[in-house]
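Structure first, commentary second.
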Amino acid sequence: MSRLSDTFARLKKEGRAAFVPFITAGDPDMETSFAILAKLPAAGADIIELGMPFTDPMADGPAVQASSVRALKSGATMAKVLKMVEKFRKTDKTTPIVLMGYYNPIHAHGTARFAKDVAAAGVDGLIVVDLPVEEDEVLRIPARAQGVDLIRFVTPTTDDARLKRIVADASGYLYYVSVAGVTGTKAVPEDEVRAAMARVRAITDLPCTVGFGIRTQEQAAAIALLADGVVVGSAIVGQVAANLNAGKDKVIAEVLELSRTLAGSTHAARHGKVPA
Amino acid sequence: MNQIPNSLRAGPDATGHFGAYGGRFVAETLMPLILALEEAYEAAKKDPAFHAELQGLLTHYVGRESPLYFAERLTAHLGGPKIYLKREDLNHTGAHKINNCLGQILLARRMGKTRIIAETGAGQHGVATATVAARFGLPCTIYMGDVDMERQKPNVFRMRLLGAEVKGVSSGSRTLKDATNEALRDWVANVHDTFYIIGSVVGPHPYPAMVRDFQTVIGNETRVQMMDREKRLPDLIVACVGGGSNAAGMFHPFVDDTDVEIHGVEAAGDGVDTPRHAATLSKGSPGVLHGARSYLLQDSDGQIIEAHSISAGLDYPGVGPEHSWLKDIGRVKYFSVTDKEALDAFMLLSKLEGIIPALESAHAIAHVCKVAGQMKKEDIIAVCLSGRGDKDIFSVAEKLGEKL
């Protein structure tokens, strides 16, 4: 068993969806983002997606792009991102951490070395935006050998044949991208998500989280009725941007406040019922 | 896949790799599109009607074939080998870019796509894309970095005249790399109706092979013209390399001719030992950007380093995957030329031959100036003059301290 499978099993028993906030490591600086990371579980995070900043985040909208720029400007590096997870793990042994980012920084680190280093730091899963099933073996296999899941995407353009191929070697959970587009720019279309979840559930027992386009309590609650997890990224890092001028304590407080609010809606949505 | 045994022209393999380079490193949302594009391109390649239509347009719309011009005064000036210029600058829209754009827009039409997007650096690919979009009556959005829009104003105006929407990109280094990111973001958000015309031999498979194929008309014509004029192949072929599309098209028909030496010329900016250059193959290392594994300018943490060149068309921190492979196997040698050397060659060709070259192409001319002295008088060099320099007169004037 892994922290990820334990978490999804526990949530299933409790009859609620996972709340999965995304923050970028090093945004707006390493110290502040660590303070946020450390307090996210108490603010309702069941799983945390931690962004590895990259200069060219081509699948991200303006909010996450800006977040990546702030992190790199503050001096974030892969070594510091891994240190941050290591430090988090000293006090939190149960909340899964999934690193999310682009392939080139991993390629530069060396995939085999990366797999070892993330496992040693206490990372549970990896989401690599520009590594489709056609190319992901190079990371998926060494990561799996270290007990780290490579999380695969399903999108509105994924047909049944691809879906089959995607779930065949998938582990951990699936990430359904709710809109064709970049992060944080279009609103999540509920009916399409419902249909997509039905397709996914018909061929796999893997949990499936939904992200891209969830920013309000209403949206979080609606998706919590359909999926195993609700991912919120742009709205959260947007709080970093919005409160930068008011100081770091304010940034931390507002990010955590939004997390608490959205986690509340996510957790309360099903009132203990299993998803439709 | 091309199945010629023992040929360097056979790549890429079925999964889009040239040796360790290439591939399809894109978001899952784009993957089905890339696969559909590959299928459509493979079908078009086998369809005589597709080739006939493209050939007709290349002849009557672009004005092909382009001349292979013997540069008599440049040859005399350098005192060495005979220098021939493949005059892609004489194409409609002023550069080789149109060859590829026509091929891709015919494909877009076959696939039923109704909207065109593209990225552009110098603006040549943007102008070529806007041109074919106008010709085929399709709406078109061009992404261009703010910095490039400033230094290539005439091309921005041209694109707008042609009916294209030019969207400035203010992220990152605000040049070609960032315009490409933005075009990819547009594409992923408009997958249902949009065709992305990539302007160079970069991006995910099948783009590097497809763009090369559409540009191979350059090398094919050069080969026939050279046999006609000199009854033999050239000793050396030279082309500039940013992403590397004119070079790919010029080189490809010659890579199996072991007697023909091939040189690609990158932009060294202020110099390859300064932080300001765009010499990806000379100074970069393998990585993954914009859908393919290839040489990149990056730091030790895998972050992309901003490129610099006086030439907006060469100002890109990546390069086509096939070039990375040709470098590694040693078939093509890659050199670099500084801003200053390119500028000198720009002036030299203008004054000696009455041909104002694009700053990109001036890099190839500058390299010829460097190597001519080491070659014999009876040797022959064929240079791809990929574009004309009208678009560059403002930035050159500024460099020379003149106000227009």
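Respectively, the protein sequence lines represent chains X and F. Residue numbers for the first sequence follow the working numbering, so the first one is 1 and each next one is one higher. Residue numbers for the second sequence follow the working numbering, so the first one is 1001 and each next one is one higher. Virtual Cβ for every residue (Gly too), placed ideally from N, Cα, C. These numbers were taken from a predicted model, which means no experiment stands behind them.
Please state the DSSP three-state secondary structure of residue i.
i	result
P1234 of chain F	coil
S1311 of chain F	coil
S1294 of chain F	strand
R144 of chain X	helix
E1182 of chain F	helix
I1381 of chain F	strand
Y1406 of chain F	Absent from the model: residue 1406 of chain F. The displayed extent of chain F is 1001 to 1404, so no value can be given.
P1275 of chain F	coil
F1025 of chain F	strand
P1357 of chain F	strand
D1148 of chain F	helix
Q1003 of chain F	In this prediction, Q1003 of chain F has a pLDDT of 47, which is less than 50 and means its spatial position is unreliable; what the coordinates show is noted afterwards. If DSSP states are grouped into helix, strand and coil, Q1003 of chain F belongs with coil.
L1107 of chain F	helix
F54 of chain X	coil
R1229 of chain F	helix
H1096 of chain F	coil
I166 of chain X	helix
A276 of chain X	Here the model assigns A276 of chain X a pLDDT of 48, short of 50, so the residue's position is not dependable, and the following value carries that caveat. Coil at A276 of chain X, not helix or strand.
Verify whether the separation of the beta carbon atoms of residue i and residue j is less than 9 angstroms.
i	j	result
L1236 of chain F	V1260 of chain F	yes
G317 of chain X	A25 of chain X	Since the first residue shown for chain X is 1 and the last is 276, residue 317 of chain X is missing from the structure and cannot be characterised.
G1318 of chain F	V1147 of chain F	no
A1372 of chain F	A1345 of chain F	no
G172 of chain X	L4 of chain X	yes
L1119 of chain F	T1180 of chain F	In the sequence as presented, Leu is not what sits at residue 1119 of chain F; that position holds Glu. Cβ distance < 9 angstroms, so E1119 of chain F and T1180 of chain F count as in contact.
D969 of chain F	K1082 of chain F	Residue 969 of chain F is absent from the model: chain F starts at 1001 and stops at 1404.
I23 of chain X	I236 of chain X	yes
A1342 of chain F	A1267 of chain F	yes
C1240 of chain F	A1095 of chain F	no
H1252 of chain F	G1199 of chain F	no
Is it buried or exposed, residue i, if we count other Cβ atoms within 10 angstroms and call 16 or more buried?
i	result
A1014 of chain F	exposed
K1086 of chain F	buried
N1006 of chain F	exposed
D31 of chain X	According to the sequence as given, residue 31 of chain X is Glu; it is not Asp. When all chains shown are included, E31 of chain X counts as exposed.
H1060 of chain F	exposed
M1001 of chain F	Reliability of the predicted coordinates at M1001 of chain F is poor, the pLDDT of 44 falling under 50, and the value obtained from them is presented with this limitation in mind. The residue is exposed, with fewer than 16 neighbouring Cβ atoms inside 10 Å.
R1388 of chain F	buried
F1157 of chain F	exposed
G147 of chain X	exposed
G110 of chain X	exposed
I203 of chain X	exposed
S994 of chain F	This structure cannot settle anything about residue 994 of chain F, because the visible part of chain F is limited to 1001 through 1404.
V1191 of chain F	buried
C1227 of chain F	This sequence places Met at residue 1227 of chain F; Cys is not what is there. Classification of M1227 of chain F: exposed, given that the 10 Å Cβ count is below 16.
E1398 of chain F	exposed
T266 of chain X	buried
Q1055 of chain F	exposed
Going by DSSP, name the residue or residues bridged to residue i.
i	result
F1335 of chain F	F:V1265
P207 of chain X	Answer is none; P207 of chain X lacks a bridge partner.
E49 of chain X	X:F22, X:V98
M1347 of chain F	Paired residue(s): none; M1347 of chain F is not in a bridge.
E1165 of chain F	F:T1141
I1116 of chain F	F:C1140, F:F1195
A996 of chain F	The question about residue 996 of chain F has no answer, for chain F in this structure spans 1001 to 1404.
L126 of chain X	X:L99, X:L150
K1082 of chain F	F:I1380
P1286 of chain F	F:Y1295
Y1069 of chain F	F:L1085
Any beta carbon of chain F sitting closer than 9 angstroms to that of residue i?
i	result
Q65 of chain X	yes
F22 of chain X	no
A276 of chain X	Model confidence at A276 of chain X stands at a pLDDT of 48, short of 50, so the residue's coordinates are unreliable and nothing is read from them.
I214 of chain X	no
F88 of chain X	no
M78 of chain X	yes
V154 of chain X	yes
P105 of chain X	yes
L209 of chain X	According to the sequence as given, residue 209 of chain X is Thr; it is not Leu. False, the Cβ-Cβ gap to chain F never drops below 9 angstroms.
E192 of chain X	no
D130 of chain X	yes
Under 9 angstroms between C-beta atoms, does residue i make it to chain X?
i	result
R1185 of chain F	yes
N1190 of chain F	yes
K1167 of chain F	no
D1178 of chain F	yes
H1290 of chain F	yes
S1300 of chain F	yes
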